[in-house]
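Worksheet for the structure shown next.
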Amino acid sequence: MTVARDARTTGAVLGSAVGDALGAPFEFGPEGAFTERFPAPGHGGEMCGGGGWEPGEATDDTQMAVLVGESLLDHDGLELPDIFRRFQRWAAADPKDIGLQTEAVLTSGDPWDLAAPIHFQENQRAAGNGSLMRAATSAVYFAPQGRTATMAAARSIAALTHGDRAAWEGTALFHELIRVALDGHDPLTAIPETLTAVHPGHRARYATVLAPDWHPDQATEFNGAVWPCLGSAVWSLRTTGSYEEAVRAAIDLGGDTDTVAAVTGALAGAVYGANAIPARWTEPLHVPLPGSGGRILRSAELTALARELAG
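For reference, each letter of the sequence shown is one residue, going 9 to 319 in the working numbering.
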């Protein structure tokens, strides 16, 4: 399968947003709910909305990803205080959904470089998937800089809201798998080598959930945690043969369906390219941006954003 790099970069950003919007109405639902409602691929109607979401409406996962991407472009690189300020402005604008941990950090009043560490010190719980869900845009931006740079950037951005290193390492792994896919290689075969760049204290945990014989039913934590979320996304890619099949499989796992599907969608989009994402899913897609003057991004704007991020 030959897919142009431009199609892969667009596929990563657009694919994540589509997965997010598809999965949102099924969040915290049971396993198999998506297939029960839409038994056969390709028949339409899957962008159904529900649970407070309009058909095709993306959630905080994509909203935060856009904020990260626009900061990277506006500053021609990583400006962590600016990303944090954009997150704060967004959180203050009453988004429909925001993770409890992320909200606590962004509304604490603590400085940008202390808010997440203070929260982690006080709560000892900060390994949610909230830094992973928003990483498609930064993964595309840093991919040309190589493995070391892209994994370091992922850790830095994750640490803005998540004080647990587990979240940093999961986001770094995701960045690197996207980089490999954008280069036209198989991210699944790159997993063993990528694991060598993971912090030794977290390597075994990720090796378990990224192993070829791992199944999400073996997860010891809810997929709202960063490592089973990434493991579920990789499993969805590994066990299917197209973008559509991968995202369907991800949502059918139940639980934190919007984020698992967003992460899966980014990986599958980077592998199969934007043209593999069904038009019936991209056409209704829209991303409201609370705190940004009522802006709503649609597929065309997300495509343009992806191309700018890719340079």
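Glycine included, C-beta positions come from ideal geometry on N, C-alpha and C.
In this text, all values refer to a predicted model and were calculated from it rather than measured experimentally.
Asked: If you follow the alpha helix (DSSP H) that I106 is part of, which residue opens it and which one closes it?; Found: Note, I106: premise wrong, no alpha helix (DSSP H); not H, not E.
Asked: Please confirm whether V148 and A314 have their CB atoms less than 8 Å apart.; Found: yes
Asked: Would you check if the distance between the CB atom of G138 and the CB atom of G117 is smaller than 8 Å?; Found: no
Asked: Can you have a look at G325 and say buried or exposed, based on whether 16 or more other CB atoms are within 10 angstroms of its CB?; Found: Here the chain has residues from 9 to 319 only, and residue 325 is not among them.
Asked: Using only CA atoms, which one of Q132, R93, G136, K104 lies nearest to P119?; Found: R93
Asked: Rounded to whole angstroms, what's the CA-CA distance from L168 to G50? Just pull it up for me.; Found: 39 Å
Asked: Determine the direct distance from the alpha carbon of L196 to that of L185, and round the result to whole angstroms.; Found: 8 Å
Asked: Quick one: is G85 buried, meaning 16 or more other Cβ sit within 10 Å of its Cβ, or exposed?; Found: exposed
Asked: Give the secondary structure of W98 by DSSP, where H, G and I count as helix, E and B as strand, and everything else as coil.; Found: helix
Asked: Our contact map puts V76 next to T145 with C-beta atoms below 8 Å; I'd like the distance itself, whole angstroms only.; Found: 5 Å
Asked: Between the segment 249-267 and the segment 276-290, can you find at least three pairs of beta-carbon atoms closer than 8 Å?; Found: yes
Asked: Measuring only the C-alpha atoms, how far is R213 from A257?; Found: 23 Å
Asked: Starting from V21, follow the alpha helix (DSSP H) in both directions and report where the run begins and ends.; Found: 13-31
Asked: Please list, in chain order, all residues of the same chain as R288 whose beta carbon is under 6 Å from its beta carbon, the five residues on each side excluded.; Found: G52
Asked: Alpha carbon to alpha carbon, how far is S300 from A274?; Found: 24 Å
Asked: Which of the three DSSP states, helix, strand or coil, is assigned to L168?; Found: coil
Asked: Just to confirm, are A20 and A66 a CB contact at a threshold of 8 Å?; Found: no
Asked: In angstroms with no decimal places, state the Cα-to-Cα distance between I259 and G277.; Found: 16 Å
Asked: With a threshold of 8 Å on Cβ separation, who are the neighbours of L88 within its own chain once the five nearest residues in sequence on each side are excluded?; Found: W120, D121, S164, I165, L168
Asked: Given a threshold of 16 other Cβ atoms within 10 Å of its Cβ, counted over all protein chains shown, does I304 qualify as buried or as exposed?; Found: exposed
Asked: Mapping the DSSP letters down to three states, classify W243 as helix, strand or coil.; Found: helix
Asked: With H, G and I counted as helix, E and B as strand and the rest as coil, what does DSSP make of W235?; Found: helix
Asked: In this structure, what does DSSP give as the bridge partners for W61?; Found: G58
Asked: Buried or exposed: which applies to R142, given that a residue is buried once 16 or more other Cβ atoms fall within 10 Å of its Cβ?; Found: buried
Asked: Just to check my reading of the structure: D69 and A270 have Cβ atoms closer than 8 Å, yes? What is that Cβ distance to the nearest angstrom?; Found: 5 Å
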